[in-house]
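In terms of numbering that gives the first Met the number 0, the sequence shown opens at residue 0 and continues consecutively.
Cβ coordinates follow ideal geometry from the N, Cα and C atoms, glycine included.
Read the structure below first, then the notes.
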Amino acid sequence: MRINNRRYLGNKYRLLPFIRETVTRECGIVRTFFDVFAGTGAVSSAFLDSSLTVNDLLYCNHLAHWTWFSPEPFREAVVRECVEAYNSLPPVDEENYMSKTFGGTYFSAQACRKIGWIREDIEQRFRAGALAFRERAMLVTALLYAIDKIASTCGHYDAFRETAYQAEDFTMGVPEVPYTPSPANALFNEDANALVRRVRCDVAYVDPPYNSRQYCDAYHLLENVARWEKPPVSGKARKMTRDTLKSAYCTRHATEAFADLVAHLDCRFIVLSYNNTGTRANDRSNAKIPDAAIREILGRRGKVSVFEQAYRAFSAGKSDSIGNAERLFLCEVRD
Ligand SMILES: C[S@@+](CC[C@H](N)C(=O)[O-])C[C@H]1O[C@@H](n2cnc3c(N)ncnc32)[C@H](O)[C@@H]1O
Numbered sequence: 000m001r002i003n004n005r006r007y008l009g010n011k012y013r014l015l016p017f018i019r020e021t022v023t024r025e026c027g028i029v030r031t032f033f034d035v036f037a038g039t040g041a042v043s044s045a046f047l048d049s050s051l052t053v054n055d056l057l058y059c060n061h062l063a064h065w066t067w068f069s070p071e072p073f074r075e076a077v078v079r080e081c082v083e084a085y086n087s088l089p090p091v092d093e094e095n096y097m098s099k100t101f102g103g104t105y106f107s108a109q110a111c112r113k114i115g116w117i118r119e120d121i122e123q124r125f126r127a128g129a130l131a132f133r134e135r136a137m138l139v140t141a142l143l144y145a146i147d148k149i150a151s152t153c154g155h156y157d158a159f160r161e162t163a164y165q166a167e168d169f170t171m172g173v174p175e176v177p178y179t180p181s182p183a184n185a186l187f188n189e190d191a192n193a194l195v196r197r198v199r200c201d202v203a204y205v206d207p208p209y210n211s212r213q214y215c216d217a218y219h220l221l222e223n224v225a226r227w228e229k230p231p232v233s234g235k236a237r238k239m240t241r242d243t244l245k246s247a248y249c250t251r252h253a254t255e256a257f258a259d260l261v262a263h264l265d266c267r268f269i270v271l272s273y274n275n276t277g278t279r280a281n282d283r284s285n286a287k288i289p290d291a292a293i294r295e296i297l298g299r300r301g302k303v304s305v306f307e308q309a310y311r312a313f314s315a316g317k318s319d320s321i322g323n324a325e326r327l328f329l330c331e332v333r334d
């Protein structure tokens, strides 16, 4: 199982050569790389030769960052044994939080019983001291990657496909970490605007949400399984309460939040990804921060250049081939 073996809105995996080349060419040696809105962590994975600071508001992503970038050691044999045991688990008959809450929605009742059983087992082992935090993170991440592959969705959990075939089973992979993460790597699960006040780095890579689609809405189910607090859920999409997970970048306060973030970044270069889906009346996918505001706000900190690469934007609907250019705004910080 590798870092990119998952679907995620706004994931930059396919843009890594473009991002890496641009940063290497324009910023020179990068000793410290700060992935402020890291999501899957794909962009950090292209900077393993730097010390990484990796952050995201969602705990499910934070556990993935622990899997791929933590300097803490882990026992591969322990992780492998657990994954093998989970993969050879006979059908689970007992009902649990997952089957009672989500059976027959995003997953079949059988798959839900297995997900709930495995997630509970990981937690019990961790509480009993049989798993280190990173090993727990790796197993939860392996579970999330595996269940996302069989979910009856079109890539996110805003709704489930009612008539789709539902798999009864799934197979987990063992996370492959064939490198030694830098001992200076630091992983955070915080609001970016609070965190930027405490981090100093060479390059800050900023990839916030672009539009009004909240990531906590799109990935509430993965977040629920990652946190394993077994909250009540409501509505057809079976969402838990997500008040503390809402992002200002998806609201009319996005420009304000961005200005505050940029003002407090302590770095040599700010590299921003922000795409240009154009503007349609009342469309949820319209970008929240106008280009003019981006240029003006970055311009307060230094010289701004823009680099472009043609890219296929994600669309859950009929077409996913809107001819967009993905832009990187690069600001060489003056002071
Ligand atoms: C466009 S995605 C990042 C994608 C990432 N670069 C990748 O390649 O996977 C934006 C991310 O920002 C996170 N996010 C949104 N608001 C945030 C905030 N205020 N602080 C920290 N993370 C936030 C979301 O959870 C989401 O994972």
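Boundaries of the beta strand (DSSP E) around threonine 31: 31-34. For leucine 51, the enclosing beta strand (DSSP E) stretches over residues 50-54. For alanine 247, the closest C-alpha among the options Trp227, Arg212, Arg300 is that of Arg212. If only complete runs of 3 or more residues are kept, the region 185-237 shows the beta strand (DSSP E) at 185-187, 199-205, in order along the chain. Within the model, the alpha-carbon separation for glutamate 119 versus histidine 219 is close to 18 Å. Residue burial annotation: alanine 150 is buried, with at least 16 other C-beta atoms found within 10 angstroms of its C-beta.
Taking the Cα of tyrosine 156 as reference, the smallest distance to any Cα among Leu221, Arg333, Tyr85, Val198 is reached at Leu221. A direct Cα-to-Cα measurement between serine 107 and asparagine 3 gives close to 25 Å. Counting along the chain, no beta strand (DSSP E) covers phenylalanine 101; the unbroken alpha helix (DSSP H) around it starts and ends at 96-101. In the structure shown, serine 181 adopts coil according to DSSP, grouped into three states. When C-alpha distances from alanine 141 are compared across Val224, Cys249, Ala262, the shortest belongs to Val224. Lysine 113 sits buried, since 16 or more C-beta atoms from the chains shown fall within 10 Å of its C-beta. For glutamate 307, the CB contacts under 6 Å within the same chain, skipping 5 residues up- and downstream, are Ala324, Arg326 in chain order. A distance criterion of 7 Å places the beta-carbon of serine 211 beyond contact range of ligand 1, judged by its closest non-hydrogen atom. Boundaries of the beta strand (DSSP E) around aspartate 265: 265-272. Checking the DSSP bridge columns, you'll see phenylalanine 306 partnered with Leu327.
For valine 77, the secondary structure class from DSSP, reduced to helix, strand or coil, is helix. Counting every other CB atom within 10 Å of its CB across the protein chains shown gives glutamate 295 a total below 16, marking it as exposed. Per DSSP, the continuous alpha helix (DSSP H) segment holding arginine 135 begins and ends at 132-149. Within 10 angstroms of the beta-carbon of proline 90 lie fewer than 16 other beta-carbons, which makes it exposed. C-alpha of tyrosine 204 to C-alpha of aspartate 334: approximately 18 Å in a straight line. Distances from the alpha-carbon of tyrosine 7 to those of Val82, Thr100, Cys153 put Cys153 closest. Excluding residues up to 5 positions away in sequence, Ile117, Met171 lie with their Cβ nearer than 7 Å to the Cβ of tyrosine 85 in the same chain. Of the candidates Glu228, Lys245, Arg241, Glu228 places its Cα closest to the Cα of asparagine 95. Restricting attention to Arg19, Val305, Ile293, the CA atom closest to the CA of proline 207 is found in Ile293.
Non-local beta-carbon contacts of phenylalanine 32 in its own chain, meaning distances under 6 Å to residues more than five positions away in sequence, involve Phe46, Ser49, Leu51, Val202 in chain order.
Residue range 15-26 is occupied by the alpha helix (DSSP H) that includes phenylalanine 17. The way I'd put it, the region 297-306 doesn't touch the region 232-245; fewer than three beta-carbon pairs between them come closer than 8 Å. Taking C-beta separations shorter than 7 Å and ignoring five residues to either side along the sequence, the partners of arginine 124 in its chain run Leu130, following chain order.
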